[in-house]
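Undergrad:
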Amino acid sequence: MAAKLKKGDKVVVLAGKDKGKQGEISSVDPKAGKAIVDGVNIAIRHTRQSQNAQGGRIPQAMPIQLSNLALLDKNGKATRVGFREEDGKKVRYAKTTGETV
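Position 49 of the sequence shown, counting from 1, maps to 48 under numbering that gives the first Met the number 0, and the rest follow consecutively.
1. On the premise that LEU13 lies in contact with LEU70, defined as a C-beta separation below 8 angstroms, what is that separation, rounded to the nearest angstrom?
2. Taking the alpha-carbon positions, what's the GLN64 to LYS33 distance?
3. What are the start and end residues of the beta strand (DSSP E) that includes ASP28?
4. Please list the terminal residues of the continuous beta strand (DSSP E) segment that includes THR46.
5. Would you please state the rounded distance, in angstroms, between the beta carbons of ILE24 and GLY7? I believe it to be under 8 angstroms.
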């Protein structure tokens, strides 16, 4: 099945403690149905100091369910994603504007 959300997409969070926040997808795990979004779902990780890295409390973005994310269209509003054929290729498009993503 084709992915509705991909790495590099601008998304908005629909549910959870970070509802309404926007960010860019940095990685997607399709098998688990989760994605990591920059600046969203931040957790504090305690790390020990090593020779090449400073230790301490380091904020880290944790995975969030794909169902809690929605793509942002050109107007900056949440939209659903559809698929259609253009020139023999399957492309994604925003359902609100009808524009290809």
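The beta carbon of each residue, even a glycine, is placed where N, CA and C say it ideally should be.
TA: Well, looking at it:
1. Along the sequence shown, one-based indexing puts residue 70 at 71. Along the sequence shown, one-based indexing puts residue 13 at 14. Not really, about 11 angstroms apart at Cβ, beyond 8 angstroms.
2. Along the sequence shown, read from residue 1 onward, the residue named residue 64 stands at position 65. Along the sequence shown, read from residue 1 onward, the residue named residue 33 stands at position 34. Taking the Cα positions, GLN64 is about 4 angstroms away from LYS33.
3. Mapped onto the sequence shown, residue 28 falls at position 29. In the DSSP assignment, ASP28 falls within the beta strand (DSSP E) that extends over 21-28.
4. Counting from one through the sequence shown, the residue named residue 46 turns up at place 47. If you look at THR46, you'll find it in the beta strand (DSSP E) that goes 41-46.
5. For this step, residue 24 is matched to residue 25 along the sequence shown. For this step, residue 7 is matched to residue 8 along the sequence shown. Yes, they are in contact, since the Cβ atoms of ILE24 and GLY7 sit about 6 angstroms apart, within 8 angstroms.
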